[in-house]
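Numbering (my numbering), first residue to last: 327 to 914. Ideal Cβ positions, reconstructed from N, Cα and C, are used throughout, including at glycine. Quantities reported herein were computed from a predicted structural model and do not represent experimental measurements. Right, one structure below, let's go through it.
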Amino acid sequence: MAENTAVDTQLPEVVRELYAQFGAEAFVLQPTKDDVPTLWVGRDKLVEVLRFLRHVPRPYVMLYDLSAMDERLRQHRYGLPAADFTVFYHLLSVERNSDVRIKVALSADSLSVPSVISIWPNANWYEREVWDLFGIEFDGHPLLVRIMLPRTWTGHPLRKDYPARATEFDPFMLDAAKQDAEQEALRFNPEEWGMKRGTKDEDFMFLNLGPNHPSAHGAFRIVLQLDGEEIIDCVPDIGYHHRGAEKMAERQSWHSFIPYTDRIDYLGGVMNNLPYVLAVEKLAGITVPARVQTIRVMMAEFFRITSHLLFLGTYIQDVGGMTPIFFMFTDRMKAYDVIEAITGGRMHPAWFRIGGVAHDLPQGWDRLVRDFLNWMPKRLDEYVKAAIQNGILRARTIGTAQYNSAEALAWGVTGAGLRATGVDYDIRKARPYSGYENFEFEVPIAHNGDAYDRCLVRIEEMRQSLRIIKQCLDHMPAGDYKADHPLTCPPPKEKTLQHIETLITHFLSVSWGPIMPAGESSQMIEATKGINSYYLTSDNATMSYRTRIRTPSFAHLQQIPSVINGSMIPDLIAYLASIDFVMADVDR
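What follows is the structure, given as structure tokens:
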């Protein structure tokens with residue numbers, strides 16, 4: 327544990343700034359495997375510290391993540407402050423290209439911290455999620471109600487004393503009285519959200535869009551307060567797709583949780599595996615071969631293309647173009663043919679492994695990739711000419727649902743939604759991972775921040791993905807497809823037949839799972855919808871003690887009212903299409 331008695335010039339810049347402002351004695355500096363400066367602060371100074379970071383020169387403008395952890399069963403804490411529960415704030419500065427993580431320790435008999443919505447507006451949903459899943463209060467929150475679970479739910483599932491398996495619960499019973507109570511809990515009460523039902527001259531209409539509506543792109547409900555066609559206000563309502571992915575991680579081995587990651591952004595395929603396995607590899611101290619890095623990059627970019635193609639087809643469909651989606655599904659199938667030939671699966675191959683990939687590239691993979699690279703660029707040109715330059719689409723989307731870079735950062739927007747406002751920030755360039763620093767590609771940006779520009783950015787991203795895949799094809803390194811490390815899971819099959827130590831490791835990894843060293847690590851990647859990350863806590867066990875999954879879509883949906891209020895209903899449909907979200911990525 328670092329000593330907090332003097333300002334060390336070797337400390338990260340943000341730590342030195344905090345020490346200079348508040349004194350080193352106000353903090354406990356925690357070492358982590360991801361090298362994100364992590365400091366514990368007292369609850370009485372929390373808001374003051376966070377406000378300082380928000381307004382320091384080159385500020386931490388984005389509340390990237392906010393969540394909590396039940397510390398009560400954690401055994402390997404290595405001198406950290408005493409805590410029953412911990413709330414953490416992960417802040418991001420684009421100007422510095424750096425993060426800082428602030429933690430506050432809580433005792434079980436005093437589970438409350440001040441709300442920070444006045445500093446970052448997107449803290450609203452994150453604080454509601456922590457209350458819902460951990461039961462921690464946020465003083466000053468305007469409406470601290472459940473967000474992931476029904477309001478009739480009992481208990482807080484991410485506490486360690488809450489069961490993790492269905493077999494640990496009593497059988498579920500739904501009688502008529504309980505069904506009526508559940509239905510009544512879904513009734514929307516405008517006054518609860520600060521809405522008026524009308525004025526002295528007219529009544530407002532309240533319209534439910536979703537949770538079963540094609541334009542909602544999944545089980546998503548948004549309640550609209552309407553004056554005619556104009557949206558006066560709205561309330562996004564999520565949680566219909568919540569499956570408790572973070573809770574599931576506490577009962578799966580490090581290796582067996584990989585297939586669960588595929589189902590987060592279910593259009594992202596192996597892109598979902600990547601931040602998880604990279605974070606685990608940091609915990610384990612595994613360095614993968616260059617061949618593994620390049621294979622991972624190539625397959626991740628294939629899934630970026632398949633995801634963006636589905637976005638483009640549904641985007642055009644939502645504004646009235648019916649034909650292009652069929653052509654785009656044809657091209658997605660061509661990409662999936664390559665993916666299936668390499669991985670053995672299509673949408674959810676769960677193919678990445680801790681320390682490598684499931685198997686080496688099959689014979690003939692290069693011909694399939696080359697054929698796709700010869701096919702796809704001209705198809706993108708056709709889409710731009712036939713659909714994107716269409717006058718109706720342009721009229722529906724140019725200037726629609728527009729926001730600027732300051733608003734995007736305040737609401738935690740990442741990916742194409744941020745770059746469409748002119749912010750040149752792509753994790754693959756800003757913080758290269760898996761060898762992205764070895765590839766030549768451009769970061770597409772636009773400047774209007776509207777529904778049209780968000781589409782243009784993604785089309786150009788597909789072109790850049792093709793460029794990256796071409797470099798993978800031309801410069802695929804030789805070597806192993808897995809790291810030679812005892813915690814690689816599972817070890818290469820051929821070595822289990824040659825070395826008894828490897829065979830024993832394989833047996834233990836398959837039956838119990840590898841034991842990861844105690845510590846914390848996180849990994850961000852530029853995923854299909856924006857920045858995605860896993861923040862893992864190991865307690866020197868075969869399973870994760872805490873797995874935090876930060877997804878881009880959660881932040882993007884929270885922003886909706888600030889952008890769309892005052893617009894018309896058709897503008898909302900175009901806006902939802904331009905966000906490019908899936909509800910599993912929101913709800914986890």
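Do F765 and I785 have their C-beta atoms within less than 8 Å of each other?
no
Unbroken stretches of the beta strand (DSSP E), 3 residues or longer, contained in the stretch 628–696
none
Counting pairs of beta carbons, one from the stretch 591–610 and one from the stretch 831–842, are three or more of them closer than 8 Å?
yes
If you compare alpha carbons, which of F546, D529, K526, T525 is closest to L535?
F546
DSSP state of Q356 mapped onto helix, strand, coil:
strand
A661 to V426 span [Cα, whole Å]:
38 Å
Proximity winner among P615, S438, F629, I548, relative to A804 (alpha-carbon distances)
P615
Exposed or buried, what is E787 when buried is set at 16 or more other beta-carbons lying within 10 Å of its beta-carbon?
buried
Just checking, does the stretch 672–681 make contact with the stretch 584–604 on the three C-beta pairs under 8 Å criterion?
yes
What ranges does the alpha helix (DSSP H) occupy inside the stretch 822–877, keeping only unbroken runs of at least 4 residues that lie completely in it?
826–837
Taking the alpha carbon of V341 as the reference point, which residue from L376, D370, Q509 has its own alpha carbon closest?
L376
Based on Cα-Cα distance, which residue from A742, I857, R876 lies nearest to A903?
A742
Can you tell me where the beta strand (DSSP E) with N448 in it begins and where it stops?
It is not in any beta strand (DSSP E) - N448 carries neither H nor E in the DSSP assignment.
Straight-line CA distance for F907 to G349?
43 Å
I need the boundaries of the beta strand (DSSP E) containing D563, first residue and last residue.
556–563
Top-ranked residue by Cα proximity to G466, from M474, R454, F460
R454
Between G761 and R622, what straight-line distance do the alpha-carbon atoms span, to the nearest angstrom?
9 Å
Would you call the CB atoms of L437 and L459 closer than 8 Å?
no
Using 8 Å as the threshold, is the C-beta distance between G565 and I443 below it?
no
State the Cα-Cα distance for the pair A910 and D591, rounded to the nearest angstrom.
6 Å
Consult DSSP for W701 and reduce its assignment to one of helix, strand or coil.
helix
Taking Cβ to Cβ, would you say I857 is nearer than 8 Å to I753?
yes
Alpha-carbon to alpha-carbon, T868 and P562
38 Å
Whole-angstrom Cβ separation of I771 and R789, contact assumed at under 8 Å?
The pair is not a contact, with the Cβ atoms about 14 Å apart (cut-off 8 Å).
Can you find the residues in the same chain that come closer than 8 Å, C-beta to C-beta, to Y690, ignoring five residues on each side of it along the sequence?
It should be noted that the sequence gives Gly, not Tyr, for residue 690. Around G690: A667.
Tell me A394's beta-bridge partners as DSSP assigns them.
V413
Backbone secondary structure at S441 - three-state DSSP:
coil
Helix, strand or coil for D361 per DSSP?
coil
I need the straight-line Cα distance from H539 to N774, nearest angstrom please.
29 Å
Contact under 8 Å by Cβ, L372 with P440:
yes
Going straight from the alpha carbon of F810 to that of T828, what length do you get?
In the sequence as displayed, the identity of residue 810 is Asp instead of Phe. Roughly 10 Å between the two C-alpha positions.
Do you know offhand how far T831's Cα is from P812's?
7 Å
Who are the Cβ neighbours of D729 in its own chain at under 6 Å, not counting the five residues just before and after it?
Correcting the residue type first, residue 729 is Tyr in the shown sequence and not Asp. Counting only Cβ-Cβ distances below 6 Å, and skipping sequence neighbours, we find G775, V889.
Completely contained alpha helix (DSSP H) runs for the stretch 563–617, where each covers 4 or more residues
571–574, 584–588, 596–610
Less than 8 Å separating the beta-carbons of Q884 and W701?
no
Determine the contact status of I462 and V413, defining contact as a CB-CB distance below 8 Å.
yes
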